[in-house]
Structures are given as structure tokens and as C-alpha cells.
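Below is one structure, written out as C-alpha cells; the observations come after it.
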Amino acid sequence: MEIFLNSEVIGHIGSFVITNTLVASTLVMLFLMFVAWRIHATGYDLKNRFYNFVEMIVEGFLSIIESVVGRGAVARQAFGVIVTFFFFVILNNWFGIFPGMGSIGLKEVHEGKEVFVPLLRSANSDLNMTLAIAIVSVIFIQAISIRTVGLAPYLQKFFNFKSPILFFVGLLEIISEVVKIFSFSFRLFGNIFAGDVLLIVIFSLVPFIAPIPFMGIELFAGFIQALIFSMLTLVFINVSVSHGEAH
Amino acid sequence: MSKEIAIAIIMAAAAIGPGLAIGWIASVAMTSIGRNPEAAGKIQGNMILGLAFAEAIAIYALVVSLVLKFV
Chain P
1 MEIFLNSEVI GHIGSFVITN TLVASTLVML FLMFVAWRIH ATGYDLKNRF YNFVEMIVEG
61 FLSIIESVVG RGAVARQAFG VIVTFFFFVI LNNWFGIFPG MGSIGLKEVH EGKEVFVPLL
121 RSANSDLNMT LAIAIVSVIF IQAISIRTVG LAPYLQKFFN FKSPILFFVG LLEIISEVVK
181 IFSFSFRLFG NIFAGDVLLI VIFSLVPFIA PIPFMGIELF AGFIQALIFS MLTLVFINVS
241 VSHGEAH
Chain G
1001 MSKEIAIAII MAAAAIGPGL AIGWIASVAM TSIGRNPEAA GKIQGNMILG LAFAEAIAIY
1061 ALVVSLVLKF V
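Quick note, the sequences are listed as chains P and G, same order.
For reference, each letter of the first sequence is one residue, going 1 to 247 in this note's numbering.
For reference, each letter of the second sequence is one residue, going 1001 to 1071 in this note's numbering.
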């Protein structure tokens, strides 16, 4: 039973490396694009039952977002990215416990030893993936704060020359933004990778009946991590925007 | 041999703090829901957020032990 921290390479396009997590996340991305196309193809017609269902979901999410940041421009601007994060992360996590994930693969020879290389792997069990969405999330927080509060007042939060203490507080704010990147990425990576390892161990010990509660835990943890990622981004946006207004 | 001991101690020690923190957060949330049942939805939502922060600390230690074990 081999478990690797890095995602395994299954091919190359020129010098671009293709890993199994890249394939998995691309499949999820194609599925989301397919759903978006189907929604667009309804023509936004309220008599269409599918479109009605979609509007119900959108209204539900908008009310949750408005309960955190209040009604207004920020809620509408943040809506797209927050809900995209939620659906992308949750579909990646749930796709990772599909049958066939991690079990269908190739036997390759690495350094003289025969190694099993799975063709698909849960996308968020790769630190590259979670680091990427964490960076996007933190950059989005900065962008929406600058748009709402203004560039000069927002930069004053970080570079405050009125007194030595406020200057130090500004430095701490910068450090806190960098720490957010690490915290987002490691929280998601740790949860999903540890879940993967747990499932591999359980399946190699008792393949029948016993893994069922662990699959349930994985399902729940995937949903919670997606919710946490998007809600935390939203809360940080709220703190960032109202901090700027108060000063 | 000492690497395995280190991995085990890291995870065991890291389970203490977040365990206490999660129990404390949930207990205070229960108390305030009991005191004010109408605000149950809001309290629950914020409790989940707090739980995620507390759990993340244990996950950081888990990542360290996983890196030690598999790299």
C-alpha cells in the first residue's frame, strides 16, 4: 500500500506535467461548465422547472451571503466567487470518493521498483490545488475591499505612519494576510489528504461493510470543508470592508 | 525508530488543545442557545465557523506528521 504526498505524474504535454489530480479537477470543471451551459440553454424562462430550481438555489445562497455581509453591492459582487468556490470544492471532494478513484491505474517501474500509479486522485489532496484556490481567495478579498473602500484608505490599514504602535499593527495585518493563504490551503489539504489516507488504510484492512461509516465521514467532511472555505472568505471580506469604513 | 515516535507524539500532543477548544466552543454555544432559543440559527452558524478554526490547528499538526511519514 503506497501513499504519496505528491500527486503522481501520468503524462506530459511537451514539458507541461499532467498529474492525476489535474485530470480529476479538469473533469469536475467540465461538469460545472456543462451545468452552466444547460442553465443558459433554458433561456432564463421562469416556466422551466429546472430554471426555477436553480433560482431557488441562487436565492438561498444570496440570503446566506446577505446575512453575513448585509444587503448591498458587496453581497452581489462577492456572490459569484463565493458560490463558485463552494461548488468547486464540494464537487472535487465528493468526486474523490467515487468508485474508481485511486483504484484504476497503471503499474509503472520507478527506480527499479514496481509502483502503482492511479489515474485519478481527489483534487484537493494535492497541495498545489489548495494553495491555488487559497491565493485566489486572498487576492479576491483584497480586490473587493479596495473596490468598496478605495485604494488609499485600504492601504492605510497596512502602512500607518501616525505612530509606532499603529505602524506595527499595520505590519501585523500584512503578516495576517499571508497567514490566511497558508491557513486556507493547509486546512483543506489536511482534511482531504488525511481522509484519503484513512480510506486507503480502511479499505486495505477490511474491504467490505466496515468502510461505510468512513465514507459517510468523508462525505460530511467534504461538505463542511467547502462550506468553511467559502464562509471564511466571506467573513474575511466582511471584516476587511467594515474595517476600512470604520477608520 | 525515533521518527515513528516523533510522528506519534506530534499527533497525540496536538489533539489536546483543539479537543478542549472544540468542547468549550460547543458547550458555550449550547448554553447560549438554551438561554435564547430564537437565536439558535445564528449561534449555530457562527459555532460551525469557530469549530473549523479550532479544528484547523489539529489539521496543521496532522499535516506535519503526514509529511514526516511519507516524505
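Just so you know, even glycine gets a beta-carbon here, dropped at the ideal spot from N, CA and C.
Values in this document were obtained by computation on a predicted structure and should not be read as measured data.
- Annotation: Thr42(P) is outside any beta strand (DSSP E) and is labelled neither H nor E by DSSP.
- Pairing Ile139(P) with Gln77(P) gives a Cβ-Cβ distance that is not under 9 Å.
- Residue contact with chain P for Ile1025(G): absent (no Cβ-Cβ distance below 9 Å to any residue of chain P).
- According to the DSSP assignment, Pro153(P) belongs to no beta strand (DSSP E) but to the alpha helix (DSSP H) extending over 151-158.
- Interface criterion not met: the Cβ of Ile1009(G) is under 9 Å from no Cβ in chain P.
- For Leu227(P), a Cβ of chain G is located within less than 9 Å of the residue's own Cβ.
- Excluding its 5 nearest sequence neighbours in each direction, Phe61(P) has C-beta neighbours in its own chain below 6 Å: Val83, listed in chain order.
- Leu1049(G) is the residue among Val1063(G), Leu1049(G), Ser1065(G), Val1064(G) whose C-alpha sits nearest the C-alpha of Val235(P).
- If you look at Glu177(P), you'll find it in the alpha helix (DSSP H) that goes 164-205.
- DSSP places Gly105(P) in the strand class (E or B) of the three-state scheme.
- An exposed status is given to Ala152(P), since fewer than 16 other beta-carbon atoms sit within 10 Å of its beta-carbon.
- Between the C-alpha atoms of Met1047(G) and Leu32(P) there is a straight-line separation of about 31 Å.
- For the pair Ile97(P) and Ala134(P), the CB atoms are not nearer than the 9 Å cut-off.
- For Asn160(P), the CB contacts under 8 Å within the same chain, skipping 5 residues up- and downstream, are Leu166, Phe167, Val169, Gly170 in chain order.
- The residues Ile141, Ser145, in chain order, have a CB closer than 7 Å to that of Ser240(P) in the same chain once the five nearest residues on each side in sequence are set aside.
- A Cβ of chain P is located within less than 9 Å of the beta carbon of Ile1048(G).
- Less than 9 Å divides the Cβ of Ala1058(G) from the Cβ of Ala1014(G).
- The beta-carbon of Gly1017(G) is placed no less than 9 Å from the nearest beta-carbon of chain P.
- For Gly195(P), same chain residues with a beta-carbon under 7 Å away, outside a window of 5 residues either side, are Glu218, Ala221 in chain order.
- Linking Tyr154(P) to Ala226(P) through their CA atoms gives a straight-line distance of about 28 Å.
- The distance from the Cβ of Ser1032(G) to that of Ile1043(G) is about 6 Å, consistent with a contact at the 8 Å cut-off.
- Ranked by Cα distance from Phe85(P), the first of Asn238(P), Glu55(P), Leu188(P) is Leu188(P).
- Across the set Ser204(P), Phe203(P), Val136(P), the C-alpha of Val136(P) shows the shortest separation from the C-alpha of Val178(P).
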